Amino acid sequence: MITAEPASAPTAETEPGRFREFRTNASWLWRYYTQFMRLAIITQFQYRAANYFYMIGMIAEPVVYLVVWSTIARTNGGSIGGFTAGTFAAYYIVWTLVRNINIVFTPFGWEQRIKDGELSGLLLQPIHPIHRDLAFFAGWKVIVIILWLPIAAALTLIFHPSLSPTVWQCVVFFLALWGAYLIRSMFLWALGLISLWTTRVSAIFQAYFMAELLLSGRLVPLTLMPKLVRSLAGVLPFQSTFGFPITALTGPITDTQLWHGLLTQLLWIVVGGLIVKLMWRRGIRRFASVGG
Amino acid sequence: MTRPSPGRRDPDRASSLRLAALFFRVGAQNELQYRLNFVVQLLQSILGVAAGLVGLAVVFAHTNNLGGWSRPQLLVVMGIFLMMNGITQAFIQPSMNLLIADIQKGTLDFPLTKPVDAQVLVSVRSVDIWQAADSLIGLIIVIVGLVQQDVAVHLVDVVSFVLLMLMGTVTIYCFWLMLASTAFWLIKTDEMQELFQGLYRTGQYPVGIYPGWLRYGITFVVPLAFAITVPAEALTGRLEHLALVGAAGLTLALLVISRLLWRRGLKRYGGASS
Chain U
68 MITAEPASAP TAETEPGRFR EFRTNASWLW RYYTQFMRLA IITQFQYRAA NYFYMIGMIA
128 EPVVYLVVWS TIARTNGGSI GGFTAGTFAA YYIVWTLVRN INIVFTPFGW EQRIKDGELS
188 GLLLQPIHPI HRDLAFFAGW KVIVIILWLP IAAALTLIFH PSLSPTVWQC VVFFLALWGA
248 YLIRSMFLWA LGLISLWTTR VSAIFQAYFM AELLLSGRLV PLTLMPKLVR SLAGVLPFQS
308 TFGFPITALT GPITDTQLWH GLLTQLLWIV VGGLIVKLMW RRGIRRFASV GG
Chain H
315 MTRPSPGRRD PDRASSLRLA ALFFRVGAQN ELQYRLNFVV QLLQSILGVA AGLVGLAVVF
375 AHTNNLGGWS RPQLLVVMGI FLMMNGITQA FIQPSMNLLI ADIQKGTLDF PLTKPVDAQV
435 LVSVRSVDIW QAADSLIGLI IVIVGLVQQD VAVHLVDVVS FVLLMLMGTV TIYCFWLMLA
495 STAFWLIKTD EMQELFQGLY RTGQYPVGIY PGWLRYGITF VVPLAFAITV PAEALTGRLE
555 HLALVGAAGL TLALLVISRL LWRRGLKRYG GASS
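Protein sequences appear in the order of chains U and H.
With the first sequence counted from 1, adding 67 to any position gets you my numbering.
With the second sequence counted from 1, adding 314 to any position gets you my numbering.
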């Protein structure tokens with residue numbers, strides 16, 4: 068189930084021009100992806116405890132939001148802005164899966180890549196290094212989903228979500244998960260590349276994550292946000308990585324909105340890809356000049 | 315600054331405290347060279363606080379109290395949450411991360427060979443003073459909340475608050491030491507920080523709003539209730555005297571338990587040379 072999306076996606080990607088012969092070789096790329104995914108699965112399977120620590124730390128965030136909002140719904144006579152305690156529970160439990168899927172290579176990792184000279188190694192490879200990250204993190208998801216299942220079951224027993232998606236919603240949700248994965252991969256990769264220009268990136272990263280928190284539906288379903296925030300979110304990519312995939316499954320959502328959401332995701336994948344391509348070219352030139 | 319003489323293995327407590335103070339001072343002086351980091355850190359803290367305030371604003375756009383806490387009172391909770399976060403990130407977490415790294419790499423040998431109590435030494439080795447920017451902003455938010463709330467704060471409340479904050483800091487330290495000590499058994503524990511940060515988020519709201527099982531969890535398993543909610547109760551006229559006793563009891567219990575766990579872990583430690 069994991070292999071379908073990422074393997075077809077890289078065709079929209081770009082490799083450095085000097086190794087053009089690989090670009091058309093789809094089966095080679097397919098092998099590259101499956102091998103790296105297998106590597107990720109084997110590597111991460113060893114670190115089950117570490118993976119669980121990470122996941123439990125992460126689950127606390129939506130549980131806080133869920134408790135706060137279901138408390139508010141209860142004190143307001145059962146529902147707030149169309150959400151009941153049950154639909155809030157559905158929203159934030161689906162949230163945990165979406166969040167797990169859209170964990171990608173962190174922008175904070177670039178500092179180490181540059182400092183430790185790892186980037187020089189990546190440059191020697193005859194393929195754009197984003198493929199490596201895309202493949203590795205996609206493979207990791209297999210372990211992540213297996214570890215996530217008992218947590219989801221526990222959360223379901225505790226918070227009683229009310230969830231009744233149609234088959235079509237499930238299909239769109241599955242596609243939207245991988246759309247969100249690709250969008251977040253691209254944008255966080257581009258964000259991390261800023262490290263090639265300046266070392267004081269942490270404040271920039273933080274600003275980005277704050278914007279994401281407020282404008283994506285990560286903090287609270289966007290329908291509960293003021294109108295200004297919603298219209299701002301409409302023109303930014305964040306919503307495609309949280310709010311849309313979650314709402315695709317939990318509803319309420321129309322077929323038109325589902326199509327619109329998928330197309331919007333496609334648009335942001337292309338835009339993200341172009342930004343990565345542009346920044347990578349310029350950044351590498353800069354990196355090389357520093358190294359002499 | 316008295317230097318511990320090489321032969322002494324168990325210096326008295328006063329000299330341990332002096333040693334801690336010395337390490338903190340050197341660490342702080344070291345960091346003070348990089349002034350621009352303070353500006354960057356302050357900027358980050360302000361961004362974090364802004365997001366927190368927006369979150370509260372969204373909550374209070376839909377309701378006028380959360381589990382019996384008014385908006386200014388939740389500001390007090392948020393301020394204390396930030397103050398504790400600053401203290402943890404500046405004074406506790408850096409040493410604990412260093413400890414975990416040392417256990418993993420087998421380089422814990424170096425602090426172990428020093429003629430002072432190893433627990434004291436590994437707990438004070440590293441300071442990230444700029445992270446305390448959060449504490450500063452947190453204090454401002456606490457004061458703003460106090461001015462806005464319509465509950466009078468007396469001297470005895472402030473004294474209880476300060477005592478509770480001190481005990482809260484100790485309980486968080488003990489919890490971190492226990493987390494770090496698990497590295498003796500689990501080796502790859504880079505995710506400890508993520509785990510702590512994640513669980514710490516639950517302290518952003520008063521523990522009373524959480525369902526029973528979770529409330530017990532963040533009171534006794536992860537001691538956040540006594541570190542954040544209870545100090546906030548002192549400032550918002552809700553503190554029961556029993557809570558002070560409970561905080562003292564929990565602090566003592568955690569000091570003992572974390573010490574025992576650390577000792578047991580240390581026995582397992584092989585080191586780079588063995």
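The C-beta atom is built at its ideal place from N, Cα and C for all residues, glycine as well.
A quick note: this is a predicted structure, and the numbers were derived from the prediction, not measured.
Quick one: what's got a C-beta closer than 6 Å to residue i's C-beta in the same chain, skipping five residues either side?
i: H/G579; result: S495 and F498
i: H/Q518; result: F395
i: H/W490; result: I406 and M410
i: H/V472; result: none
i: H/W383; result: P520
i: U/F172; result: D200
Are there 16 or more other CB atoms within 10 angstroms of the CB of residue i, so buried, or fewer, so exposed?
i: U/Q102; result: exposed
i: H/I457; result: exposed
i: H/R515; result: buried
i: U/S262; result: buried
i: H/P408; result: buried
i: H/Y530; result: exposed
i: H/T316; result: Bear in mind that a pLDDT of 46 at H/T316, under 50, signals an unreliable position, so the model cannot answer this.
i: U/V337; result: exposed
i: U/R251; result: buried
i: H/D442; result: buried
i: U/G301; result: exposed
i: H/L553; result: buried
i: U/T323; result: exposed
i: U/R285; result: buried
i: H/C488; result: buried
Return no unless some Cβ of chain H is closer than 7 Å to the Cβ of residue i.
i: U/R285; result: no
i: U/G153; result: no
i: U/V131; result: yes
i: U/R125; result: In the sequence under discussion, the amino acid at residue 125 of chain U is Met, which differs from the Arg named in the question. Taking Cβ atoms only, chain H reaches closer than 7 Å to U/M125, which makes this a yes.
i: U/R180; result: no
i: U/A79; result: Low local confidence applies: a pLDDT of 39 at U/A79 is under 50, so the model's placement there is unreliable, with the coordinate-based value given in what follows. So no, U/A79 is outside the interface.
i: U/R353; result: no
i: U/E128; result: yes
i: U/V165; result: no
i: U/F241; result: no
i: U/L281; result: yes
i: U/F305; result: no
i: U/Y158; result: no
i: U/V171; result: no
I'd like to confirm the pairing. Which residues does DSSP put opposite residue i in its beta bridges?
i: U/S307; result: In DSSP, U/S307 forms no bridge with anything.
i: U/I147; result: U/F150
Quick check on residue i: does DSSP put it in helix, strand or coil?
i: H/L574; result: helix
i: U/W207; result: helix
i: U/L96; result: helix
i: H/W383; result: strand
i: H/E505; result: coil
i: H/E554; result: coil
i: U/Q324; result: helix
i: U/M125; result: helix
i: H/K428; result: coil
i: U/M292; result: coil
i: U/I170; result: coil
i: U/V238; result: helix
For residue i, which residues of its own chain have a beta-carbon under 7 Å away from its beta-carbon, when the five flanking residues on both sides are left out?
i: U/L299; result: L282
i: H/A561; result: L478, M481, F540 and V544
i: U/V343; result: I197, M253, W256 and A257
i: U/V134; result: none
i: U/V165; result: L244, A247, F309, P312 and I313
i: H/V373; result: L380
Between residue i and chain U, is any beta-carbon pair separated by less than 7 Å?
i: H/A365; result: yes
i: H/V535; result: no
i: H/Q358; result: yes
i: H/R577; result: no
i: H/I542; result: no
i: H/L346; result: no
Using a Cβ-Cβ cut-off of 8 Å (strictly less than) and excluding sequence neighbours within five positions of residue i, which residues of its own chain qualify?
i: U/L214; result: R115, N118, Y119 and M122
i: H/Q462; result: R385, P386 and L389
i: U/N167; result: M122, M125, K208, V211, I212 and W215
i: H/L453; result: G393 and M397
i: U/G145; result: T151 and A152
i: U/T317; result: T154, A157, Y158, V161, L230 and P232
i: U/P304; result: I250, F254, W335, V338 and G339
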